[in-house]
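Numbering (the numbering used here), first residue to last: 1 to 467.
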């Protein structure tokens with residue numbers, strides 16, 4: 001402890017002349033020297049960093065005004081968290097449950113403790129660059145929304161790049177805290193582990209509008225995806241890129257924004273997945289009577305997502321393009337279809353076939369096995385929306401199949417894969433054929449053509465292998 005205190009004092013002394021508001025070349029050199037010294041002391045020589053050291057690195061990330069400073073501080077924070085986690089699982093014997101280890105007084109980029117938050121607010125400008133409370137997280141999300149809404153190269157600023165890196169680090173911190181807690185909960189069913197998670201504390205605060213925040217997450221994720229896609233197209237077109245980038249003289253920032261925008265989309269997806277996993281665990285805890293009134297009531301994220309993509313059809317396709325985690329992507333689409341196909345799947349079941357309902361992909365495809373049931377669905381969901389849903393569900397199903405084959409595990413019952421892959425491919429082709437029969441003028445969308453091509457290729461390959 002004394003050794004860490006001595007290292008902390010020596011390292012923080014490097015920053016004595018580099019206040020948050022000072023951004024001279026000498027001050028920035030001092031910050032870079034500090035980051036390198038922390039890496040040498042903690043990563044190379046394996047000395048655990050103190051909370052003040054981590055906070056100082058985080059401050060550099062939040063106030064840095066050069067690409068080098070913010071990327072180096074971001075990289076160092078992630079390296080420190082990976083090398084010295086503050087929440088982790090102890091090693092266990094095969095017959096034992098995992099034991100959760102929480103380092104007392106460990107560093108956190110979040111402030112949810114009331115006394116700590118009050119102390120931070122009393123520190124004046126220090127709170128601008130220190131750990132975030134729930135309102136600070138909300139403000140960061142709003143600033144990310146501005147980047148997503150702006151969507152052009154001329155608007156590039158170092159602040160936009162910095163905000164995306166800060167957000168990515170915060171999500172990594174939430175994930176590092178949540179995943180071990182959720183694993184222990186699954187083994188022990190002790191809700192306290194998740195009640196005290198940073199993610200649950202963030203979502204449970206009354207200072208923010210939870211539903212509004214989740215809707216913003218979806219909008220920002222789709223917006224950043226469009227921005228990144230647009231920049232990618234510009235950079236791939238030399239003439240177009242030259243005109244825009246020479247005007248802005250910001251090639252490096254444009255390339256960085258493309259990379260950071262893609263990574264920020266992935267971070268948003270990780271956040272959504274963690275929240276849905278938390279919702280699942282919360283549902284189990286509710287059923288067991290482990291929750292109390294103090295835990296509050298929160299609308300499951302799945303319901304919010306379904307409402308948004310159902311009533312805002314312009315969001316449906318962008319969301320399914322950017323959200324690529326196959327397990328949850330398939331579940332979202334199946335839940336979407338279940339609103340309209342549950343009764344139909346019962347009527348269209350083959351009497352001698354497996355009893356699959358619309359909560360499985362095979363069951364959904366069964367609902368499109370004839371023109372009558374297909375026409376009934378397209379009266380409630382447009383044919384274009386059906387194409388998008390079926391194509392993305394097929395992509396997710398294929399991804400899950402590849403994962404399970406790579407892992408050498410049997411098909412998951414939850415995915416409803418009692419049908420073989422060949423049968424799935426035949427049924428996806430049949431579904432699109434029946435869609436065409438309901439409307440001869442209907443055009444197959446590009447994503448639908450991709451799905452049909454993939455299905456036909458798989459069938460051809462499997463047929464060739466059998467021969």
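We put the beta carbon where it would ideally sit given N, CA and C, even for glycine.
task = Flag this pair as yes or no: are the beta carbons of residue 98 and residue 25 separated by less than 9 Å?
result = Residue mapping note: residue 98 aligns to position 98 of the chain shown, counting from 1. Residue mapping note: residue 25 aligns to position 25 of the chain shown, counting from 1. Not in contact: residue 98 and residue 25 (Cβ atoms no closer than 9 Å).
Alpha carbon of residue 376 to alpha carbon of residue 339, nearest angstrom:
On the chain shown, residue 376 is found 376 positions in, with the first residue counted as 1. On the chain shown, residue 339 is found 339 positions in, with the first residue counted as 1. Roughly 13 Å separates the two Cα atoms.
- Can you check whether the CB of residue 431 is closer than 9 Å to the CB of residue 362? Position 362 of the chain shown holds residue 362. Position 431 of the chain shown holds residue 431. Contact: no.
**Prompt:** Would residue 446 be called buried (16 or more neighbouring beta carbons within 10 Å of its own) or exposed?
**Reply:** As a working note, residue 446 is residue 446 in the chain shown. Exposed.
**Q.** Test item: CB-CB of residue 34 and residue 61 under 9 Å
**A.** The residue given as residue 34 occupies position 34 in the chain shown. The residue given as residue 61 occupies position 61 in the chain shown. In this structure, residue 61 does not lie closer than 9 Å to residue 34 by Cβ.
Note to self: Using C-beta distances below 7 Å, list every residue in its chain close to residue 210, excluding the 5 sequence neighbours before and after it, in chain order.
What the structure shows: To locate residue 210, count along the chain shown from 1; it is residue 210. Contacts found: 203, 298.
Fill in: Rounded separation between residue 228 and residue 264 - CA only
Mapped onto the chain shown, residue 228 falls at position 228. Mapped onto the chain shown, residue 264 falls at position 264. The straight-line gap from Cα to Cα measures roughly 10 Å.
To the nearest whole angstrom, what separates the beta carbons of residue 170 and residue 109, a pair I think is in contact under 8 Å? Walking along the chain shown from the start, residue 170 turns up at place 170. Walking along the chain shown from the start, residue 109 turns up at place 109. The pair is a contact, with the Cβ atoms about 6 Å apart (cut-off 8 Å).
_Please classify residue 135 as buried or exposed, where buried requires at least 16 other C-beta atoms within 10 Å of its C-beta._
Within the chain shown, numbered from 1, the residue matching residue 135 stands at position 135. By the 10 Å Cβ count, residue 135 comes out exposed.
Looking at residue 174: is its Cβ nearer than 9 Å to the Cβ of residue 217?
The residue labelled residue 174 in the question sits at position 174 within the chain shown. The residue labelled residue 217 in the question sits at position 217 within the chain shown. Result no, Cβ atoms of residue 174 and residue 217 do not sit closer than 9 Å.
Practice problem: Pair every Cβ in the segment 385-392 with every Cβ in the segment 323-342, then say whether three or more of these pairs are closer than 8 Å. | Solution: yes
Check your understanding: Is there contact here, the segment 73-87 with the segment 35-50, by at least three beta-carbon pairs under 8 Å?
Key -> yes
query: Excluding the five sequence neighbours on either side, which residues of its own chain have a C-beta within less than 7 Å of the C-beta of residue 277, listed in chain order?
result: As a first step, residue 277 must be located in the chain shown, where it is residue number 277. Within the same chain, residue 277 has close Cβ partners 182.
Counting along the chain, where does the beta strand (DSSP E) carrying residue 474 start and finish? Residue 474 is absent from the model: the chain starts at 1 and stops at 467.
Where residue 427 and residue 341 are concerned, what is the direct C-alpha to C-alpha distance, given to the nearest angstrom?
Within the chain shown, residue 427 is the residue found at index 427, counting from 1. Within the chain shown, residue 341 is the residue found at index 341, counting from 1. Distance between the alpha carbons of residue 427 and residue 341: 16 Å.
Query raised in the report: What is the residue span of the beta strand (DSSP E) that residue 101 lies within?
Result: By 1-based counting over the chain shown, the position of residue 101 is 101. 100-102 is the span of the beta strand (DSSP E), which, as asked, contains residue 101.
* Asked: Apart from the five residues on each side of it in sequence, which residues of its chain come closer than 8 Å, Cβ to Cβ, to residue 420?
  -> On the chain shown, position 420 is the one that residue 420 refers to. None.
- So residue 321 is in the alpha helix (DSSP H); what residue range does that whole segment cover? On the chain shown, position 321 is the one that residue 321 refers to. Element bounds for residue 321: 313-322.
Check your understanding: Straight-line CA distance for residue 190 to residue 287?
Key -> The residue given as residue 190 occupies position 190 in the chain shown. The residue given as residue 287 occupies position 287 in the chain shown. So the two alpha carbons sit approximately 13 Å from each other.
Nearest-angstrom beta carbon gap, residue 223 and residue 324 [assumed within contact, 8 Å]: As a working mapping, residue 324 is identified with position 324 in the chain shown. As a working mapping, residue 223 is identified with position 223 in the chain shown. Contact doesn't hold; Cβ gap of about 17 Å is too wide.
* What first and last residue would you give for the alpha helix (DSSP H) that runs through residue 443? -> Residue 443 sits at position 443 when you count from the first residue of the chain shown. No alpha helix (DSSP H) contains residue 443, which DSSP labels as neither H nor E.
Less than 9 Å between the C-beta atoms of residue 57 and residue 87, yes or no? As a first step, residue 57 is located in the chain shown; it is residue number 57 there, counting from the start. As a first step, residue 87 is located in the chain shown; it is residue number 87 there, counting from the start. In this structure, residue 87 does not lie closer than 9 Å to residue 57 by Cβ.
Q. For residue 18, is the classification buried or exposed, using 16 other Cβ atoms within 10 angstroms of its Cβ as the cut-off for buried?
A. Counted from its first residue, the chain shown places residue 18 at position 18. So residue 18 counts as buried.
ask   = DSSP on residue 170, reduced to helix/strand/coil?
value = As a position in the chain shown, residue 170 is number 170, starting the count at 1. Helix at residue 170.
>> Let's test the definition: count the other Cβ atoms within 10 Å of the Cβ of residue 311 and tell me whether it reaches 16, buried, or not, exposed.
In response: Residue 311 sits at position 311 when you count from the first residue of the chain shown. Flag for residue 311 reads exposed.
What are the uninterrupted segments assigned as beta strand (DSSP E) that are 3 or more residues long and contained completely in the segment 178-220, given in chain order? none
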